Amino acid sequence: MGRRRLIWLTAVLVLSLTVMIANAQQDACVQLVQQALAAVDENCDGLSRNSACYGFNRVDASFVQEVAEDYFSLPADTTAIVELAEIATAGLDTALEQWGVAVMSVQANVPNVLPGQNVTFMLVGDVEVENAVDPEDAFESVDPIPAVTEVSANIRSGPSRRSNVVSSLGRNRDVLVDGQSADGEWLRVIFDERIGWMSRSVLVDDAAFDDLPVYDGFQRAPMQSFYLTTGIGGVRCEAATDSVLVVQGPEGINIDLTVNGARIQIGSTIIIRLLPPGDVLEFIVIDGHLTIYDDENGTETLVPEGYRTTMCLADGEDLGLDGNIDDLTVNCPPSPPEPVSPDEFGQFCTLEDVSPDLLNYGIIVESCGEDLDPEMGIIVTNNDPDQPIIIGSPPNPSADETTTCDQFALLDPLGGIPATPYTYKWSSLSGAEWYKVMFWNAQDNLLAAEFRVDAPTTSVLANIGQYPTGAFIQWEVLAMDGEAILCSTGRSAVTERIGDPNPPPEDDSLSASWVCDTYSSDGSPSTAQISWSGADSDVSIIWDIGDGDSSTTGAAPSGSTIVDLWIGYSMGGTVSDSDETVELPALNCLEDPAPPPPPTPLNASWTCTTMGDGETPATATIVWGSADSTVNISYDNGVNTVNTSGSAPSGSQVVSLLTSFSEGGTVSDLDDTVNLPALDCYEAPPPPPGPLAASWSCTTIGNGDNIPSTATIVWSEADSTVAINYDNSDTPASTSGAAPGGTTIVELTFGFSTGGTVADADETVNLPSLDCLPQPPPPPPPGPLSARWQCEGAFNARV
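For the sequence shown, my numbering assigns the number 148 to the initial residue and increments by one for each residue that follows.
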């Protein structure tokens with residue numbers, strides 16, 4: 148008995164110890180997760196576009212080029228996405244206090260003009276993402292260019308009339324354009340911080356549209372295509388999310404990605420991971436939707452919110468940038484979407500604690516939060532409702548709410564749901580910011596399609612035949628204010644999917660015509676312009692060219708082309724698309740019913756440009772206009788007749804008149820001749836200069852010793868440069884001067900000169916002697932007679 152009690156006590160102690168250890172481990176795990184999320188929020192807040200952040204220990208990375216040893220090695224370090232070859236985070240390990248978390252902000256196909264909106268990648272736990280886009284091959288988006296709507300037009304979700312309408316713009320509205328479809332018929336537009344597509348035909352055309360890059364879903368920027376591997380062992384911690392990659396796009400923008408070779412498009416938040424034994428890729432849609440494209444078979448798989456799908460993976464290859472043979476690629480179609488159970492969603496509840504500052508918006512995981520019993524009977528028993536709860540009925544607003552839902556209802560269709568494009572309509576609700584339009588597979592109670600429509604628009608064009616609705620469908624509309632539901636129309640009655648109740652109007656059928664482009668009056672070739680519209684395929688064009696049939700092709704849905712008519716006349720032709728043919732009637736392009744006005748007759752004239760004197764030639768300028776061919780010019784140059792030519796339709800030419808006079812000339816084109824009158828460009832030469840004159844005079848007076856004097860020599864009427872020779876105080880001196888007149892100042896060292904000469908080509912003038920010394924003052928002039936007398940003794944006086 149004592150032995151049994153000892154064994155029992157030992158077992159209790161062991162069990163208690165195990166529970167204590169487990170609780171301690173859980174406590175450590177919770178603390179580590181809380182620490183990690185707080186650190187990531189601080190380390191990676193404000194991460195710029197196309198960058199990666201080391202969030203929490205441990206993150207490993209390899210790069211396309213060599214980097215320093217400490218590069219991107221500590222929490223809060225960042226790097227450019229284009230430099231990354233691979234980034235990996237470590238699995239949860241409480242002993243090492245590590246739970247690797249990294250954040251990437253990727254532009255993908257988000258326009259340049261929306262810098263605050265990016266695709267957020269969050270690597271959580273044991274995750275490895277290998278870049279599959281070589282920097283040299285990476286797609287570079289361009290800054291948008293402005294455009295203006297030419298007519299009121301719809302904005303669609305894709306470059307096709309089969310894509311649903313997401314908004315519309317009136318005439319003469321501004322919009323930004325940053326890309327085009329592969330056929331150039333559609334342009335990617337940016338509106339209200341969202342993107343959509345508009346037909347090029349509804350915008351004022353701009354040649355710059357031709358230079359925009361093509362967006363067809365296959366372009367890839369850095370990290371827009373990648374290979375993913377994740378740990379498959381799971382974590383033994385309720386507070387930590389399994390090893391996953393979380394990808395979240397901006398609200399209102401569908402993001403194109405390639406994951407392990409699968410081309411996908413996401414519209415909100417998804418989780419991607421590998422399932423045991425590591426050869427299955429799983430996609431889980433947290434909110435929004437996911438579309439997986441099977442380009443080989445031309446099919447699409449839509450995965451709605453709360454659903455999952457899987458794809459099988461082939462053996463590893465070396466396809467990414469890290470150079471390792473470890474890249475797993477999908478090799479089977481996606482499995483049919485199936486709902487994710489509350490238990491499965493429960494393992495992702497940690498994601499709700501990720502700061503919205505790191506994301507485009509906070510993550511809300513279905514089934515996280517308060518534990519609720521899923522059984523309806525238990526819910527009713529526990530809550531004791533006063534009235535039955537009808538699933539799918541509109542919510543009843545509380546008494547203090549001003550919004551009333553009783554008038555919010557579906558309008559059209561109220562019966563069958565067409566499997567082809569159809570416009571779905573509902574009534575408006577005051578205060579609604581946008582409407583969520585949902586279509587349900589009624590048989591399986593699955594959400595098959597969902598559309599966002601911004602208020603005040605209350606309709607959406609949708610092709611429900613593209614979505615997995617099954618044979619029986621319901622639809623409903625939610626009026627939204629942000630993420631809050633204001634009202635619901637409730638689901639429609641269950642109805643069958645039917646054919647198109649609204650066949651295309653008659654004007655959508657093929658139409659074609661032709662008109663003369665150029666005319667011929669003598670049986671020579673003319674041209675015609677063939678135009679078509681409403682073609683459902685490329686058109687085949689056949690026409691009578693005048694001596695047999697000729698053919699060409701044209702693009703759908705509309706266009707025009709110029710064709711030849713060899714003899715100016717055609718018996719007719721045809722324009723055909725895949726199922727229609729339009730007859731072209733006989734066409735006569737032999738005579739223009741509205742010939743152009745007759746050409747203006749040739750005109751010509753001439754004037755003197757420079758004058759001559761009979762010896763020096765003069766020049767004249769001949770001017771002509773309205774010539775219908777090269778002009779022939781003939782004129783008298785004073786000695787003989789000169790012939791030259793000029794170009795049509797107008798021009799000018801300078802000619803020489805050797806004797807400064809011309810008897811006249813002519814200017815002729817194909818059918819006109821203009822006479823040039825006689826022209827006198829003679830001007831008598833100026834008279835020859837008169838006889839040479841020269842003189843000189845003192846300019847300054849020296850002292851004859853140490854201060855020289857100066858003299859100014861003046862000459863005029865010289866017929867050449869003058870040579871000046873003069874005596875500089877008994878010393879010969881010389882200089883020169885320009886014709887015909889001038890002055891020069893010369894120095895007289897001792898103040899005098901015996902004279903000199905000024906000579907031109909044929910004359911010499913003598914300069915007289917010159918005295919430039921100080922002159923004595925002249926004696927004063929004689930004054931008037933004066934007299935006086937004085938006594939010289941007694942009886943004598945002196946006079």
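The beta carbon of each residue, even a glycine, is placed where N, CA and C say it ideally should be.
Just so you know, these numbers come straight off a predicted model, no measurement behind them.
Can you name the start and end residues of the alpha helix (DSSP H) that Gly-493 belongs to?
489 to 493
Top-ranked residue by Cα proximity to Gly-903, from Leu-914, Leu-895, Glu-894
Leu-914
Taking the Cβ atom as the reference point for each residue, do Val-869 and Ala-880 lie within a distance shorter than 8 Å?
no
Count the other C-beta atoms from every protein chain shown that fall within 10 angstroms of the C-beta of Gln-554, then say buried if there are 16 or more, exposed otherwise.
exposed
How would you call Glu-213, buried or exposed, if buried means at least 16 neighbouring beta carbons within 10 angstroms?
exposed
Just the C-alpha distance for Gly-343 and Asn-301, rounded to the nearest angstrom, thanks.
10 Å
Among the candidates Ile-337, Leu-932, Thr-756, whose CA atom is the shortest distance from the CA of Cys-828?
Thr-756
Which residues bound the beta strand (DSSP E) around Ile-431?
427 to 441
By alpha-carbon positions, which one of Ser-707, Gly-715, Asp-683, Ser-680 ends up nearest to Pro-672?
Gly-715
Residues in the same chain with beta-carbon distance under 7 Å from Phe-373, minus the five sequence neighbours each way, listed in chain order, please.
Val-276, Glu-277, Asn-278, Ala-279, Val-406
Pairing CB atoms from the region 857 to 869 with CB atoms from the region 896 to 912, are three or more of them under 8 Å?
yes
According to DSSP, simplified to helix, strand and coil, what is Leu-392?
strand
Using the Cβ count rule (16 or more neighbours within 10 Å means buried), how would you classify Tyr-582?
buried
Excluding five sequence neighbours on each side, which residues of the same chain lie with their C-beta closer than 6 Å to the C-beta of Thr-226?
Ala-199, Phe-219
Based on DSSP bridge pairs, tell me the residues matched to Tyr-218.
According to DSSP, Tyr-218 bridges with nothing at all.
Applying the 10 Å Cβ sphere with the 16-neighbour rule, what's the burial state of Asp-504?
exposed
Could you tell me whether the region 599 to 609 touches the region 293 to 313, where touching means 3 or more Cβ pairs closer than 8 Å?
yes
Within 8 Å, strictly: CB atoms of Leu-948 and Val-450:
Because the chain is modelled from 148 through 946, residue 948 falls outside the range shown and cannot be assessed.
By alpha-carbon positions, which one of Ser-635, Asn-588, Pro-732, Pro-832 ends up nearest to Ala-765?
Pro-832
So for Pro-282, helix, strand or coil by DSSP?
helix
contact_flag[the region 266 to 274, the region 326 to 342] where n(CB pairs < 8 Å) is 3 or more
no
Give a yes or no on contact between the region 559 to 574 and the region 630 to 645, applying the rule of three or more CB pairs nearer than 8 Å.
yes
Taking the Cβ atom as the reference point for each residue, do Thr-497 and Ala-387 lie within a distance shorter than 8 Å?
yes
Just grab the DSSP bridge partners of Cys-663 for me.
Ala-675
Could you tell me the distance, in whole angstroms, from the CA atom of Pro-282 to the CA atom of Val-211?
9 Å
Going by C-alpha distance, which of Leu-594, Gln-590, Gly-811 is nearest Ala-767?
Gly-811
Might you give, ordered along the chain, the residues of its own chain that have their beta carbon closer than 6 Å to the beta carbon of Pro-481, omitting 5 neighbours on each side?
Ile-439, Thr-448, Thr-456, Met-458
Of the listed residues Thr-813, Leu-731, Asp-818, nearest to Ala-774 (C-alpha basis)
Asp-818
Please report the straight-line C-alpha distance between Pro-732 and Trp-690, rounded to a whole angstrom.
10 Å
In its own chain, which residues sit with a C-beta less than 6 Å from the C-beta of Thr-476, not counting the 5 before and 5 after it?
Asn-407, Gly-408, Ala-461
When you compare only the Cα positions, how much space is there between Pro-876 and Asn-853?
Reading the sequence as shown, one finds Ser at residue 876 and not Pro. Going from the Cα of Ser-876 to the Cα of Asn-853 covers about 13 Å.
Looking at the unbroken beta strand (DSSP E) that takes in Ala-595, where does it start and where does it end?
593 to 601
Does Asn-478 pass the burial test, meaning 16 or more other C-beta atoms within 10 Å, or should it be called exposed?
exposed
For the beta strand (DSSP E) containing Tyr-362, list its first residue and its last residue.
It is not in any beta strand (DSSP E) - Tyr-362 carries neither H nor E in the DSSP assignment.
In whole angstroms, what separates the C-alpha of Pro-258 from that of Asn-401?
12 Å
What do you reckon, are the CB atoms on Val-778 and Ser-792 nearer than 8 Å?
yes
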